[in-house]
């Protein structure tokens, strides 16, 4: 009776903790019609109707006999918005969040969905459906950054975003702790139960935390292959002491595989890798060994310095048989394909044993929009009863911004524009708006706002303010006239009173203030209006006189220069007027100004240099290109404009004006022009090794480019584009990036060429409205669809170039890609499946490090994302390529994303003291699971 009483007391102590744990579970059936209890797990499921206000429900047709939560799914429009579920959390508590997706079988002929999944502002996963009957599972382990988290779906490139279930599971306070959890989430890549008795996954109630332990018999998801000869499955009914750090289920630890011939080996795919990972092995001796028997083994593969020579003795490390032992890597760099081998030592009588593994990838947390800004936006959302526009979900900026705000590209994002015209806002403008120091435009017109204009003196970047047609009162603040960038201020049809600040009437900005009867113009302004008007007219006349004089002087100087040229019969004349800038035509294109630093070369000189254009070396959209050698021995490439139309001439003028002011070692050096005898000719330094396209797609040259050479070329070209985007002011968008416009000099250094289609940006605009121009296969689909040109259009084109460098294939080919027809669709499909070997150019002949290829492949796929906001900047592309080069050269230090001091703390945990860990938990809190 005494023993029975003790067991009963222990059960009563632990049972409330399990009950409390389960009560905190959140299980959402997305598209479900009501609440119910799952007969398999006993867990309660609820409909998503109370979690999201958007979306529709689709009935799922499947042949695999799904449970009730897979009979429907919720789906959302394939637009530019995001659709989010908000889950309540306890700040700084750890949780497992699981999302599942089953598309179902539809005979509508539409392509399977591809979309993105976000956790707050952090990209969680690319959801790519290839098997409509399969349930796709994504899990993330987090320490909650606040009292809620948002799970968002967005950015569909095909089909529409959808979701089947969403689950939130609180964890024990000791579980899954890392040194990096303030900066990184953990995305679960594999959780495998070895020696499983069936193909079914183990979850709640066997695992009190409802983790999914996939059976090693169900190999489809992880592609477990490469099993060593002599591998046998064993199991026990004995209880296993699992009271250590991660509390794996007893049922998982009761099965294992053993290498009866001395080794265990497996190979599995890790989706989302290469990357840095937290890797755990779960071991328990479940065979009764005799006194003279031992089980000792080492990890033979992968090769991890400092770890491969460690001998594992399970019973000794775990302080006895039937007890859990958890050797781990807290931070290790892993490839997409993980091959591991456990090998018994020479003095061991038994082969290695493995019960389970768990591998998670570190995913860097992207910060949400600055809280100073998001707090003000929340206040605005409470100021109206017409709430249709207030139902946008998730973060205001990432991954897609709300319709009524614009955001900066900085991290964290800042709000740059608020557009709430005519939204029936009532109340006073929030005083906290003065904290939004990134704001440039404020549109609050056409509402019912009352009270005074609050202090906004910190908003020095404000350019436009619309407050008209409200019920605002009080004086116009004097600081409005001191805002350095304010260009437009509209306050008409309010009830403002008092004197108008004189600075608002100076004419420096557009100021509208009518229909405010009690506003008074200052006496200073009335008495001096004639003086200001007279001064302005006088200044204008002086300006006109100076301009006419300069034009006349310029005309006379030009005539004198031409006369001097004719007298000396000089074949080359350099015209330079540094004080005169180039001129811009509206829209960003340019025409040749005499003030440009341009070398003019006589046509006769060009004829002699090219031997009457006898050696043609290429042809592009501009025209034919010929080889030449000037009198001083310099080898040149001569491009002759073939299109004499207006557009052709504009292309010529555009390239001259740009090349006269941009100079970079990764741009083709520009020598001069010829603009005579109806000829439009550009002269460049000759590039001895032709175009990158020749070396990739010409079978004779292709063999010469090994992987490291391709990386060096990619780095050079990326640096050239980075200079155009970041080193020029205003920045330049190339608009025709392709392998035939990347030239190679005598040392095989790459240089970007052909700027005929390039456009200059306007710092006041987020994009340039422009008819889409470019080359099929490289053209940004977003630019083509919207006619809005940004620097991310070049990034897309360069992403195609990177895919060409990896694969050696052309950008467009029905022969190579079939129904995919272009390299982007083809490569994306294979890489998302982990089949990068089918993408890599066969001519590389395995002479590369797979991790460096993966780095470039990942940034290439990011660069060709359908939406520009999801693409990296050229600076990021350059850094990734440089990292791949270091990996290829053998500098493995670059594969670590953490500091060396952090890495020193992440050594294998060979000894764990359960008392040290459990001591934190032995309290009245309901965190400790019951033993099973």
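Residue numbers (this note's numbering): 1181 to 2112.
Beta carbons: idealized from backbone N, C-alpha and C, even for Gly.
Model, not experiment: these values are computed from the prediction.
Option in the options with minimal Cα separation from residue i
| i | options | result |
| --- | --- | --- |
| residue 1296 | 1778, 1578, 1890, 1365 | 1578 |
| residue 2004 | 1968, 2014, 1960 | 1960 |
| residue 1398 | 1314, 1420, 1386 | 1314 |
| residue 1415 | 1438, 1423, 1788 | 1438 |
| residue 1211 | 1220, 1238, 1219 | 1238 |
| residue 1213 | 1311, 1300, 1344 | 1344 |
| residue 1266 | 1495, 1352, 1217, 1207 | 1207 |
| residue 2012 | 1407, 1454, 1383, 1326 | 1454 |
| residue 1806 | 1608, 1601, 1866 | 1866 |
Buried versus exposed, by CB contacts within 10 Å (16 or more), residue i
| i | result |
| --- | --- |
| residue 1904 | buried |
| residue 2051 | buried |
| residue 2037 | buried |
| residue 1875 | buried |
| residue 1428 | buried |
| residue 1283 | buried |
| residue 1568 | exposed |
| residue 1808 | buried |
| residue 1964 | exposed |
| residue 1529 | exposed |
| residue 2026 | exposed |
| residue 1972 | buried |
| residue 1263 | buried |
| residue 1470 | exposed |
| residue 1589 | exposed |
Alpha-carbon spacing of residue i relative to residue j, whole angstroms
| i | j | result |
| --- | --- | --- |
| residue 1405 | residue 1251 | 32 Å |
| residue 1444 | residue 1535 | 12 Å |
| residue 1924 | residue 1544 | 37 Å |
| residue 1254 | residue 1340 | 10 Å |
| residue 1918 | residue 2054 | 15 Å |
| residue 1561 | residue 1574 | 13 Å |
| residue 1785 | residue 1929 | 29 Å |
| residue 1650 | residue 1557 | 19 Å |
| residue 1665 | residue 1799 | 48 Å |
| residue 1748 | residue 1788 | Since pLDDT at residue 1748 reaches only 34, below the 50 mark, its modelled position is unreliable, and no value is offered. |
| residue 1368 | residue 1355 | 14 Å |
| residue 1276 | residue 1321 | 5 Å |
| residue 2153 | residue 2007 | The question about residue 2153 has no answer, for the chain in this structure spans 1181 to 2112. |
| residue 1634 | residue 1587 | 22 Å |
| residue 2058 | residue 2019 | 22 Å |
| residue 1359 | residue 1481 | 26 Å |
| residue 1371 | residue 1537 | 6 Å |
| residue 1658 | residue 1680 | 8 Å |
Reduced DSSP secondary structure (H/G/I, E/B, other) of residue i
| i | result |
| --- | --- |
| residue 1892 | helix |
| residue 1303 | strand |
| residue 1974 | helix |
| residue 1208 | strand |
| residue 1921 | helix |
| residue 1682 | helix |
| residue 1868 | coil |
| residue 1270 | coil |
| residue 1418 | coil |
| residue 1493 | strand |
| residue 2049 | helix |
| residue 1916 | coil |
| residue 1625 | coil |
| residue 1658 | helix |
Boundaries of the beta strand (DSSP E) in which residue i is found, first to last residue
| i | result |
| --- | --- |
| residue 1669 | 1668-1670 |
| residue 1963 | Counting along the chain, residue 1963 falls outside any beta strand (DSSP E), though it belongs to the alpha helix (DSSP H) covering 1961-1966. |
| residue 1320 | 1316-1323 |
| residue 1331 | 1328-1338 |
Limits of the alpha helix (DSSP H) - the one that residue i falls within
| i | result |
| --- | --- |
| residue 1875 | 1872-1877 |
| residue 2034 | 2030-2043 |
| residue 1691 | That residue, residue 1691, is in no alpha helix (DSSP H); its beta strand (DSSP E) goes 1690-1692. |
| residue 2010 | 2003-2012 |
| residue 1790 | 1783-1790 |
| residue 1254 | First-last for residue 1254: 1252-1255, but that is the beta strand (DSSP E), not the alpha helix (DSSP H). |
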